[in-house]
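Residue numbers (full-length UniProt numbering): 1 to 576. All residues carry an ideal CB built from backbone N, CA and C; glycine is no exception. The structure displayed is predicted, hence computed values, not measured ones. Worksheet for the structure shown next.
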């Protein structure tokens with residue numbers, strides 16, 4: 001079984017192979033040359049060694065201890081040095097006889113990646129390629145979370161058409177250059193990070209509505225279209241795309257992560273609203289997953305294969321979205337509760353009540369409400385919010401039906417809260433009340449103290465276990481001695497925890513990590529999921545193995561290998 005080995009007489013540096021029953025520990029002692037830059041010293045790595053339990057050592061330069069399948073991700077390996085990244089294939093025992101997986105994957109060196117970018121610039125336009133260091137940093141790092149990698153792409157390219165994307169893919173495939181799609185950069189699990197460098201593909205210039213069919217209630221768009229802009233453009237037809245993620249999100253990124261948002265309680269997630277996709281495969285071929293009718297039984301459901309794949313199977317260049325009628329009327333209610341347990345219990349009762357006009361059911365804890373009072377926008381701070389766990393409820397339907405729903409909600413929540421619910425009395429008040437919920441994450445990011453990082457994560461559980469896991473999460477976060485807040489879409493059993501910590505404080509960082517892992521474990525114990533809407537990225541790969549098992553991950557690997565044999569589409573995400 002391959003372990004960490006130093007290739008004798010090889011100038012390419014250290015080669016990190018797979019391990020079985022061992023853990024590789026790296027220590028910083030000297031500089032190696034990453035990405036083919038002579039004399040460069042960007043990432044220092046070396047290794048020490050100790051004997052294995054059976055008494056056999058691996059020489060002075062390898063420290064091998066326990067740990068096995070948990071290192072399949074890292075054990076895939078990275079070779080730094082004379083311009084190489086090399087991913088070593090795990091032995092057969094690790095992949096459970098997954099077919100068609102070669103022994104190693106070798107990516108282009110930095111010079112070859114830059115040559116690929118230059119070739120792309122010649123074919124699609126010099127103004128469509130950027131090498132600017134600030135641009136590369138913006139596309140390679142997220143302040144939204146701690147799921148980042150230290151490498152950056154060598155260039156960012158800006159295609160305008162499907163044909164441009166196909167050209168990019170053909171060049172990158174020929175030269176073995178990783179491709180990393182980039183939408184709005186609002187994902188939180190390192191979904192657009194670049195652990196093996198490569199070329200980042202930004203869809204800012206692919207922001208057109210290709211065709212709109214109001215009589216069929218669908219629209220065809222490019223991936224760079226912002227969902228808020230889309231809804232504003234088509235509002236005159238009384239139709240809208242009902243997903244409601246971050247206001248900055250673009251449709252391509254929404255497809256990539258199978259997003260949802262506050263409206264998912266009533267309208268479902270992104271997968272429920274995608275009719276078909278045009279996808280450029282890693283080798284440059286272009287496919288359309290199906291035609292435009294609302295239903296089909298023709299062949300495999302390839303549309304669903306690409307929705308939520310995080311750009312690891314291909315590059316989505318056109319999306320046909322179903323649309324919904326804009327409700328005749330809407331309203332909002334805000335209800336404070338004495339404890340998070342009371343709020344969660346009330347939410348569970350509302351979910352099971354059968355009230356058809358409930359469109360969204362959100363929760364914000366006392367810490368979050370205090371932030372609104374101190375740091376909210378001018379609109380939000382017009383009101384003095386009670387600093388207690390609060391449910392935000394959106395209603396939609398006819399005006400008369402909403403009045404009836406409001407009356408039922410008031411009766412149902414009364415046993416859980418002595419506080420008077422706040423119901424919007426005008427459209428302006430409705431918008432102002434809901435703004436408090438929509439601005440929550442942005443407000444937290446804006447007040448994050450310098451030098452700290454925010455660890456934001458989400459899980460989803462069956463509704464019957466919702467109150468239990470939210471209460472547990474709140475109690476555990478309160479023990480950390482740092483800012484921590486619970487917020488989420490409790491209407492569909494999905495909630496988020498955000499924690500701000502000092503990454504230089506090893507004990508604090510470890511405590512936060514343990515809390516997150518334990519929350520994931522408890523969610524799985526409750527038959528839930530480790531990711532309700534953030535997807536997996538690089539941040540949740542280990543938890544995905546815990547949720548699905550190595551057999552299911554093996555099947556996913558086989559599917560990826562069939563479509564992307566060179567592993568160049570957004571490598572390092574979802575699984576290794």
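Within its own chain, the residues whose Cβ lies closer than 6 Å to the Cβ of residue 424, once the five positions on either side in sequence are excluded, are 331, 332, 430, 433, listed in chain order. By the 16-neighbour rule on beta-carbons within 10 angstroms, residue 300 is exposed. Leaving aside the five residues that flank residue 473 on each side, the residues in its chain whose CB is nearer than 7 Å to its CB run, in chain order, 486, 497, 519. Taking a C-beta distance under 9 Å as the contact criterion, residue 251 and residue 268 do not qualify as a contact pair. Between the C-alpha atoms of residue 166 and residue 549 there is a straight-line separation of about 34 Å. Taking a contact as a CB-CB distance under 8 Å, the pair residue 515 and residue 480 counts as one, their CB atoms being some 7 Å apart. Contact check for residue 186 and residue 249: beta-carbon distance about 6 Å, within the 8 Å limit, so the pair qualifies. The residues 336, 337, 338, 366, 369, in chain order, have a CB closer than 7 Å to that of residue 388 in the same chain once the five nearest residues on each side in sequence are set aside. If you compare the alpha carbons of 362, 135, 144, 140 with that of residue 454, the shortest gap goes to 144.
By the CB criterion at 9 Å, residue 538 and residue 573 fall inside the cutoff. Ranking 214, 375, 395, 386 by CA distance to the CA of residue 418 puts 386 first. If you compare the alpha carbons of 137, 347, 568, 318 with that of residue 492, the shortest gap goes to 347.
Under the three-state reduction of DSSP, residue 392 is assigned to strand. Residue 277 is bridged by DSSP to 319.
Residue environment analysis places residue 439 among the buried positions, since at least 16 neighbouring C-beta atoms fall within 10 angstroms of its C-beta. Here DSSP, grouped into helix, strand and coil, assigns residue 472 to helix. Between residue 256 and residue 316, the CB-CB gap stays under 9 Å.
Restricted to the region 324 to 357, the beta strand (DSSP E) segments that are unbroken, complete and at least 3 residues in length are 329 to 336, listed in chain order. With a contact defined as Cβ atoms closer than 8 Å, residue 322 and residue 358 miss out at about 21 Å.
The beta carbons of residue 194 and residue 253 sit no closer together than 9 Å. Residue state for residue 544 is assigned as helix, using DSSP reduced to three classes. In the three-state DSSP reduction, residue 163 falls in the helix class (H, G or I). With respect to the C-alpha of residue 293, the residue from 216, 231, 412 having the closest C-alpha is 216. A residue is called buried when at least 16 other Cβ atoms come within 10 angstroms of its Cβ; residue 447 does not meet this threshold and is exposed. For residue 229, the enclosing alpha helix (DSSP H) covers residues 227 to 234. Sequence-distant Cβ neighbours of residue 534 in its own chain, meaning closer than 6 Å and more than five residues away, are 188, 189, 458. Within its own chain, the residues whose Cβ lies closer than 7 Å to the Cβ of residue 129, once the five positions on either side in sequence are excluded, are 117, 120, 121, 155, 157, listed in chain order.
In the DSSP annotation of this structure, the continuous segment of the alpha helix (DSSP H) that includes residue 434 starts and ends at 427 to 438. In the DSSP assignment, residue 505 is bridged to no other residue. A Cβ-Cβ separation of about 7 Å places residue 318 in contact with residue 162 under the 8 Å criterion. Cβ contact annotation for residue 233 (same chain, cutoff 8 Å, sequence separation greater than five): 209, in chain order.
Judged by beta-carbon spacing, residue 352 lies within the 9 Å limit of residue 463, meaning their Cβ atoms are closer than that value. Taking the Cβ atoms as the reference, residue 342 lies roughly 4 Å from residue 416, within the contact range of under 8 Å. For residue 220 against residue 271, the beta-carbon gap comes to about 17 Å, at or over 8 Å, which does not count as contact. Closest in alpha carbon position to residue 218, among 229, 207, 240, is 240.
Residue 137 counts as exposed, since fewer than 16 other beta carbons sit within 10 angstroms of its beta carbon.
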